[in-house]
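*Asks:* According to the numbering used here, the residues represented by the sequence shown are 6 to 411, in order.
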Amino acid sequence: MVPAVKGAVVEVGPAIIRRVSPDPEVRVDEGLAATALAGIDDTTVLLDERPVGVVMLWHNVIASVLGLHRESVTIVHPSWWPEPRVARVVDAAGRIAGEVVAVPRSRLLARRVPEPATVIEIADHLIAVAGHGELVTVPGPARDCEAVAEVAMSVGGPAAQVLIDTADGIADADNIAGAVRTALIRRGVSAVSARIDDALLGSPQPEPISASGRRAPAHRRWRRVSPQVVAAASVAAVMCGVGLASARPRTVAPAVTADATSLVEGRIAVRIPAHWDVERITAGPGSRRVRVTSPVDPDAALHITASYVPGEMSSATAHVLWQAIARQPAGVFVDFRPSDQRGARPAVTYREVRVGRNIRWSVVLDGSMRISIGCQSAPGREDTIREACDEAVRSARDLHGTDAAP
């Protein structure tokens, strides 16, 4: 159920910051919004060539878009944002407003249709699919629209109402939305466009999204908040830090977000920590793989790779891996176990020993895929990766099933 939308509504991310209601719309300058959003996970950013604390910057950005509307505020944020990121914006608003509610975009947009919906959010470096309590992200600037359509089918099924969110400020969002819609149509599913402005009006009938993009947004009155105004306010706030500490009391609704998200890579999906960094490794030693690294501990990482092996049995998997290990230098791959258990499922396991780190590999079969999850940590620090590792191994699956060709 969507939390009640209270007071002023502020859209934060993925590319812009603006007060949606009440009128007139107030929009933060594009460059200032980019600086605040890019630095949201940091402690200090450069604004007009001066270092500014990120906490203070966000306080002043939110204050500038709220204006005098400070009794209560609803923060609408990307559904795939990690909890610390949402908490930073909620805390900034909480220093100003008496009550703060945080609502993911997908849950707000779902108000547009009476039945449970699947919402596709397009961002600069990923596409997120949310529905039925599940959130899946398809990373990469190329945005694999076929993979997005497969995920939408997996999350919502062919009968689900699909909404495509093309947020302002996302490059080529309309064309990407059209490509996703075309991929869904090939699977017998229709999709319609969705906008935050329309969702706040209640439940108007969605408009179809064409292959070339969405309809033009309705005209709105708006004014711009410049970086100079916020920079000056940030400096003034630093000089008056004691006053900020005594900001008005507030009640803050818990941020609605997931601690983990589903990474989609080709045919497979794996649950990973939502705020970890995702990188594709296509060169150097080892197989082509995805590396997912903790933002606070570079030694803690997941390595994910997969092969299409229709009909392969676990005994054959163990044999293939043992032959590959036997060709490597002694002492690099140890503790080989052809029949083991990881993440509450059968797995072939072994340990890779490198300078300064160990990688515990678990190889599982699902559908037509052999999925390998490597859990990296510093020697003796397996606790730093254990929870993420267990969840990744437990959740790894073939999105296409056993019979589908690659």
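Ideal placement from N, C-alpha and C gives every residue a C-beta, glycine not left out.
Predicted model only: the values in this text are computed from it and were never measured.
Residue 297 and residue 347 - do their beta-carbons sit closer together than 7 Å?
*Replies:* Here the question's residue 347 lines up with position 342 in the sequence shown. Here the question's residue 297 lines up with position 292 in the sequence shown. Using a Cβ distance threshold of 7 Å, residue 347 and residue 297 do not count as a contacting pair.
*Asks:* Residue 91 by DSSP, collapsed to three states: which one?
*Replies:* Translated into the one-based positions of the sequence shown, residue 91 becomes position 86. In this structure, residue 91 counts as helix in the three-state DSSP scheme.
*Asks:* Considering Cα atoms alone, identify which of 396, 108, 83, 166 is closest to residue 267.
*Replies:* As a working mapping, residue 267 is identified with position 262 in the sequence shown. For residue 267, the nearest C-alpha among the options comes from 396.
*Asks:* Near residue 40, what residues of its chain come up, given a Cβ to Cβ distance below 7 Å and the 5 sequence neighbours on each side ignored?
*Replies:* Counting from one through the sequence shown, the residue named residue 40 turns up at place 35. So the list reads 50, 52, once near-sequence residues are dropped.
*Asks:* At which residues does the alpha helix (DSSP H) containing residue 35 begin and terminate?
*Replies:* Translated into positions along the sequence shown, residue 35 becomes position 30. For residue 35, the enclosing alpha helix (DSSP H) begins and ends at 35-43.
*Asks:* Count the other C-beta atoms from every protein chain shown that fall within 10 angstroms of the C-beta of residue 38, then say buried if there are 16 or more, exposed otherwise.
*Replies:* Sequence index remark: in the sequence shown, residue 38 carries index 33 (1-based). Buried.
*Asks:* Tell me the start and end of each unbroken alpha helix (DSSP H) in the segment 258-333 that is at least 4 residues and wholly inside, in chain order.
*Replies:* 319-331
*Asks:* So for residue 352, helix, strand or coil by DSSP?
*Replies:* For this step, residue 352 is matched to residue 347 along the sequence shown. Reduced to three states, the DSSP call for residue 352 is strand.
*Asks:* Take the Cβ of residue 371 as the centre, count every other Cβ of all protein chains shown within 10 Å, and call the residue buried at 16 or more, exposed below.
*Replies:* As a working note, residue 371 is residue 366 in the sequence shown. Buried, by the Cβ-count rule.
*Asks:* Give the secondary structure of residue 80 by DSSP, where H, G and I count as helix, E and B as strand, and everything else as coil.
*Replies:* By 1-based counting over the sequence shown, the position of residue 80 is 75. Residue 80 falls in the strand class under three-state DSSP.
*Asks:* Quick one: residues in its chain with C-beta nearer than 8 Å to the C-beta of residue 354, no 5 flanking neighbours on either side, listed in chain order?
*Replies:* In the sequence shown, residue 354 corresponds to position 349, counting from 1. The residues 340, 341, 342, 345, 347, 365, 366, 367, 368, in chain order, have a CB closer than 8 Å to that of residue 354 in the same chain once the five nearest residues on each side in sequence are set aside.
*Asks:* Output yes or no for whether 7 Å exceeds the beta carbon distance between residue 168 and residue 204.
*Replies:* Your numbering for residue 168 matches position 163 in the sequence shown. Your numbering for residue 204 matches position 199 in the sequence shown. No.
*Asks:* Residues in its own chain within less than 6 Å of residue 10 by CB, not counting five upstream and five downstream?
*Replies:* Translated into positions along the sequence shown, residue 10 becomes position 5. 79, listed in sequence order.
*Asks:* Let me check understanding here. Comparing Cα to Cα, which of 70, 149, 379 lies closest to residue 27?
*Replies:* If you number the sequence shown from 1, residue 27 lands on position 22. Checking every option, the nearest Cα to that of residue 27 belongs to 70.
*Asks:* Please report the distance separating the alpha-carbon of residue 193 from that of residue 170.
*Replies:* Against the sequence shown, residue 193 aligns to sequence position 188. Against the sequence shown, residue 170 aligns to sequence position 165. Cα-Cα distance, rounded: 20 Å.
*Asks:* Quick one: using the 10 Å Cβ neighbour count with 16 as the cut-off for buried, is residue 379 buried or exposed?
*Replies:* Taking the first residue of the sequence shown as 1, we reach residue 379 at position 374. Residue 379 comes out buried.
*Asks:* Which one of 186, 24, 383, 196 has the shortest CA to CA distance from residue 118?
*Replies:* Translated into positions along the sequence shown, residue 118 becomes position 113. Closest option to residue 118, Cα to Cα, is 196.
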